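Protein sequence lines, in the order shown, are assigned to chains A and B.
For the first sequence, this note's numbering begins at 1003 and goes up steadily by one.
For the second sequence, this note's numbering begins at 1003 and goes up steadily by one.
Backbone N, C-alpha and C define an ideal beta-carbon position, used for all residues, glycine too.
Fair warning: this is a prediction, and the values are worked out from it, not measured in the lab.
The structure appears below as structure tokens.
2 protein chains.
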Amino acid sequence: MNREIAVFDSTLRDGAQGESVSFSVSDKLKIVEILDDLGVAYIEAGNPGSNPKDMEFFSRVSGLRLKNARLAAFGSTRRSGKTAAEDENVRSMLRAETPVAVIFGKGWDFHVTKVLKTTLEENLNMIRDTVAFFKKEGREVIFDAEHFFDGARANEEYAFQTLRAAAEGGADGLVLCDTNGGSYPFEIFELTKKAVGRFAVPIGIHCHNDDGMAVANSVMAVEAGASHIQGTLTGIGERCGNANLSSLIPTLQLKRSYSCIPGECLRRLTEAARLVAELANMPLPSSMPYVGLSAFAHKGGMHIDGVLKDTRTFEHVEPKSVGNERRFLMSEVSGRSTVLAKIRKICPDLDKESPEAKEIIDLLKDMEHKGYQYEGAEPSFELLVRRHLGKYKPFFDLEKSTIIEDLTSRNGGRSSLATIVVNVEGERRISAAEGDGPVNALDCALRRALETFYPELGRVHLTDYKVRVLNPEEATAARVRVWIESTDGTDVWTTVGVSTDILEASGRALTDAIEYKLLKTIERKFKPFI
Amino acid sequence: MNREIAVFDSTLRDGAQGESVSFSVSDKLKIVEILDDLGVAYIEAGNPGSNPKDMEFFSRVSGLRLKNARLAAFGSTRRSGKTAAEDENVRSMLRAETPVAVIFGKGWDFHVTKVLKTTLEENLNMIRDTVAFFKKEGREVIFDAEHFFDGARANEEYAFQTLRAAAEGGADGLVLCDTNGGSYPFEIFELTKKAVGRFAVPIGIHCHNDDGMAVANSVMAVEAGASHIQGTLTGIGERCGNANLSSLIPTLQLKRSYSCIPGECLRRLTEAARLVAELANMPLPSSMPYVGLSAFAHKGGMHIDGVLKDTRTFEHVEPKSVGNERRFLMSEVSGRSTVLAKIRKICPDLDKESPEAKEIIDLLKDMEHKGYQYEGAEPSFELLVRRHLGKYKPFFDLEKSTIIEDLTSRNGGRSSLATIVVNVEGERRISAAEGDGPVNALDCALRRALETFYPELGRVHLTDYKVRVLNPEEATAARVRVWIESTDGTDVWTTVGVSTDILEASGRALTDAIEYKLLKTIERKFKPFI
């Protein structure tokens, strides 16, 4: 089998309906690029009619040049009693100027009479008209039959009439939605098969996970002939979420040879899922299939023994095939070659069998155990390696760094005062600064003290600040990881710090950011490293 | 349909193989009681041969009087070349003195030759002998055919021979295991159907979730005639976990009328899952089907509108049927009616057309604009509304709150010192505390000062701490939103604080958490509010 399956990601629309999910416009633009790189066919980017913030995004996203994906806007059929051209929602969708329009209409008679409060006949007209309107405007039109499966259980004939109306309007695809997420694999299979048999256009599937079966239900639909799968890359979405594409794509592609995304992209799946989770601030459960941290982590002694003899004994697919890694939780034998590759990027001459290489691997494991993660924060890793090898002379010594915070004084909101003492080759500087919070005060004081020695720091400023609580169940005593992104106008670099103390973690990332800038400036001026 | 399905929970055995899961003996005893109360038929409590800590537990658990469940110990077949009676693992299992023995044996020829390094014939003898041995000792014996589905794909005849050997040994049940968690719903259905047709004893199913389909695969097995389902109540387990019983039980019971647990117990499902998650220190993802905090949480305006008209529009089952709750989330995509519904939950007498209602809606918009997000942090919203309506007298006045942080002093890592002055009805208390970071110090100092006035705060502790940077491009001057989750052992509540100063944001969420607890305690003691 090698049937092509079009992957349709709705992280930015249905995913944004998940509890606690809220994307900024810049988050959304980054997610579009990640999904496009991953090779999905469609990115559903928002509902311009219901969310004004989405309009700003649509105007900015048109500047991106996408390699694989087509952008889609989502909206409902026209209202009863208006023409499509008069309808405000329809017009908002048009203004979004996406090549693809996803029109959703009611597929369940109960919803038509109870929620829309219109007639069954008028609902069919609404579907047919709205689809036809967007076709006339030159859009690719996908029809989402909302509650199709609940609808078919109640009134199968009517549910199929709604599909027929969309097909008559010229829809390019008909998507069967399990909106309430409570359907059974068998039902999905049978009804999808009927739809595939009755219509010439591609049939799609859109499952929610309220009974924990969204992935399997989508698989059943594909087995019944569906050729378009809707979901979200990390499974986020209203209530219990949408079908998790990071489970669905490799399952279809590796197990049944369907073609969902380009083969070489599958190896980026884990990275893409983790980046999207980061932007959504919804950390992936470590047990998430294929892409979770524990997905290929072996803990039981018998399991580890088996995997050491042959990985197929306890792994359903090869971890690398989805860009993930095998881990042995009891005996840390993992990842050595990856780490060595990183170290040799910094010190190309280092022998991989040398004691130094071994020490750095141990050091790295120790730091990771403490919560450090150097992926995306390579400057901090480079500083770690250089410090360890003694090939690094710090540009300054931070003798003292104190923060005083008075939460009850509200003098213009600047309640934080940082004082810093630095020592540069025997010369000391004391500085103090107020700030919007303690980290800001610290940043200002530190750069104020150092600028007299290193005027090149005048161009450096911080452009991003992120905080992740690592073991939230420890509550306020939890370990936190802080990332700081900096720029000098030309280069951009990210550093990381970890501590149970958020100020200390921030201080470490800040210090690394400044050290790294100085290292790169001096290095360029005087000599290449090693 | 009303077929009885025996529920077999393996939280304490397979669940304990999940990454970061580790139970104390007292945790295990509590979990046995929770599962027994929930009405499961079997509790697999450990592997006495591989884990010496389990022996202590088995000797203590025999003191519990269980109402519904039978306890099971888990272990492998005898080794090749020994009799069952000589085998150390077998003897450990016997010493556990459980009424049920679960014997696992290899169902995949590849494992027999590659891992056990014995002959296919000897593996069959090992299965037959070991089962017969425990039957002779008077135990109920369940045979787990490890890797049955992978085995059947490779050598179907041999996989069935392993089942046959167990049946000949006298097994009371034969369980088909998808140990690597990579099987397909159709395969599971077909092979289970064959097994049901060939053996007179009950057939069970044990699925892992490596392809995200463990629940659906278990459902398929039941539809094919299996009458025994193995999993873990919250889905924890090796790698991606086991079939999640908190999804599987209500799906089978509510949708297909199978009888899994006593009807009245189903309403305790959410509570039981949350307690077990607490003991496992593995917080439930909020999107978990049926039992998650968001499982019946509605965010989109159209969804809320539909549910207000008829809950069936966007709910696949009634939340109460599994002991969960419907929630309407507040966000930019939800409408005025949601907010009004929330306000009226707090003040039932408030006229929705009154100036106060309008003021609160404006206030809410203003707070959201500042970065507050009350969805999931309703206690902070309730306090906001009460404060605004003047219907709230604070329980304490925070006169002074200062933090001193010395980032360069590393005295045992406790670099933060908080001092607090509170005033409760004219009486002042000063307290100070060190902490793992400034927020922890603040939390300790505040509760130390207040506990003399309000001893009920002694039971309160924080269980989750989350930080979201709202405008990361402002870097260290960015606005941050802090969520704090608290519990007093019975209730769980979440509060929110926002500021450019992370300490101030944390302080606000902390103060709200304490105020809310006091409000609820006093309210219960003296009078209903309004």
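Using DSSP bridges, identify the partner residues of residue i.
| i | result |
| --- | --- |
| residue 1230 (chain A) | A:1008, A:1206 |
| residue 1179 (chain B) | B:1208 |
| residue 1244 (chain B) | B:1210 |
| residue 1423 (chain B) | B:1402, B:1432 |
| residue 1535 (chain B) | Here chain B comprises residues numbered 1003 to 1532, so residue 1535 (chain B) is not present and cannot be evaluated. |
| residue 1145 (chain B) | B:1105, B:1176 |
| residue 1300 (chain B) | B:1330 |
| residue 1437 (chain A) | A:1418 |
| residue 1497 (chain B) | B:1486 |
| residue 1408 (chain B) | A:1404 |
| residue 1077 (chain B) | B:1105 |
| residue 1261 (chain B) | B:1006 |
Does residue i come within less than 8 Å of chain A when only Cβ atoms are used?
| i | result |
| --- | --- |
| residue 1502 (chain B) | yes |
| residue 1514 (chain B) | no |
| residue 1260 (chain B) | no |
| residue 1380 (chain B) | no |
| residue 1331 (chain B) | yes |
| residue 1298 (chain B) | yes |
| residue 1228 (chain B) | no |
| residue 1132 (chain B) | no |
| residue 1305 (chain B) | yes |
Give me the chain B residues within the contact set of residue i, using Cβ-Cβ distance strictly less than 8 Å, ordered along the chain.
| i | result |
| --- | --- |
| residue 1410 (chain A) | 1400, 1401, 1402, 1403, 1404 |
| residue 1253 (chain A) | 1213, 1214, 1215 |
| residue 1234 (chain A) | Correct list: empty, because the minimum Cβ distance to chain B is about 11 Å. |
| residue 1050 (chain A) | Neighbours of residue 1050 (chain A) on chain B: none; closest Cβ ~12 Å, over 8 Å. |
| residue 1287 (chain A) | 1287 |
Any heavy atom of the ligand MN within a distance shorter than 7 Å of the CB on residue i?
| i | result |
| --- | --- |
| residue 1080 (chain B) | The model depicted lacks the ligand MN and carries no ligand whatsoever. |
Need the endpoints of the beta strand (DSSP E) that residue i sits in, please.
| i | result |
| --- | --- |
| residue 1450 (chain A) | Not the beta strand (DSSP E): residue 1450 (chain A) falls in the alpha helix (DSSP H), residues 1440 to 1453. |
| residue 1486 (chain B) | 1482 to 1489 |
Kindly indicate if chain B contains any beta-carbon less than 8 Å away from that of residue i.
| i | result |
| --- | --- |
| residue 1157 (chain A) | no |
| residue 1035 (chain A) | no |
| residue 1337 (chain A) | With a pLDDT of 47 at residue 1337 (chain A), under the threshold of 50, the modelled position of that residue is not reliable, and no figure is offered here. |
| residue 1218 (chain A) | yes |
| residue 1506 (chain A) | yes |
| residue 1372 (chain A) | no |
Would you mind reading off the limits of the alpha helix (DSSP H) that contains residue i?
| i | result |
| --- | --- |
| residue 1306 (chain B) | 1303 to 1311 |
| residue 1371 (chain A) | 1357 to 1372 |
| residue 1467 (chain A) | Counting along the chain, residue 1467 (chain A) falls outside any alpha helix (DSSP H), though it belongs to the beta strand (DSSP E) covering 1463 to 1471. |
| residue 1533 (chain A) | Residue 1533 (chain A) falls outside the range modelled here, since chain A spans only 1003 to 1532, and no answer is possible. |
| residue 1136 (chain B) | 1122 to 1138 |
| residue 1535 (chain A) | Because chain A spans 1003 through 1532 in this model, residue 1535 (chain A) falls outside it and cannot be assessed. |
| residue 1199 (chain B) | 1187 to 1200 |
| residue 1543 (chain B) | Here chain B has residues from 1003 to 1532 only, and residue 1543 (chain B) is not among them. |
| residue 1272 (chain A) | 1271 to 1282 |
| residue 1117 (chain A) | Per DSSP, residue 1117 (chain A) belongs to no alpha helix (DSSP H) and is neither H nor E. |
Going along chain B in order, which residues have a C-beta closer than 7 Å to the C-beta of residue i?
| i | result |
| --- | --- |
| residue 1312 (chain A) | 1116 |
| residue 1032 (chain A) | Simply none; closest approach about 11 Å. |
What does residue i touch in chain B if you count any residue whose Cβ is under 9 Å from its own?
| i | result |
| --- | --- |
| residue 1246 (chain A) | 1214 |
| residue 1290 (chain A) | 1214, 1242 |
Which residues of chain A have a Cβ atom closer than 7 Å to the Cβ of residue i, listed in chain order?
| i | result |
| --- | --- |
| residue 1019 (chain B) | 1301, 1302 |
| residue 1249 (chain B) | 1213, 1214 |
| residue 1318 (chain B) | 1182, 1183, 1184, 1212, 1213 |
| residue 977 (chain B) | In the structure displayed, chain B extends from 1003 to 1532; residue 977 (chain B) sits before or after that span and is not available. |
| residue 1471 (chain B) | 1467, 1468, 1469 |
List, in order along the chain, the chain A residues whose C-beta lies closer than 8 Å to that of residue i?
| i | result |
| --- | --- |
| residue 1067 (chain B) | The premise fails here: residue 1067 (chain B) is roughly 31 Å from chain A at the closest Cβ pair, so nothing lies under 8 Å. |
Give the interface partners of residue i over in chain A, defined as CB-CB distance under 9 Å, in chain order.
| i | result |
| --- | --- |
| residue 1509 (chain B) | 1409 |
| residue 1375 (chain B) | 1022, 1024 |
(Q) Counting only Cβ-Cβ distances shorter than 8 Å, please list the residues of the region 1413 to 1440 of chain B near chain A, keeping chain order. (A) 1415, 1417, 1418, 1437, 1438, 1439, 1440
Q: With 8 Å as the limit, tell me which residues of the region 1117 to 1130 of chain A have their beta carbon closer than that to any beta carbon of chain B; keep them in chain order.
A: 1117
Q: Anything in the region 1104 to 1115 of chain A with a Cβ closer than 9 Å to a Cβ of chain B? List those residues in chain order, please.
A: 1110, 1112, 1113
**Q.** Contact list for the region 1056 to 1080 of chain B against chain A, Cβ threshold 7 Å
**A.** none
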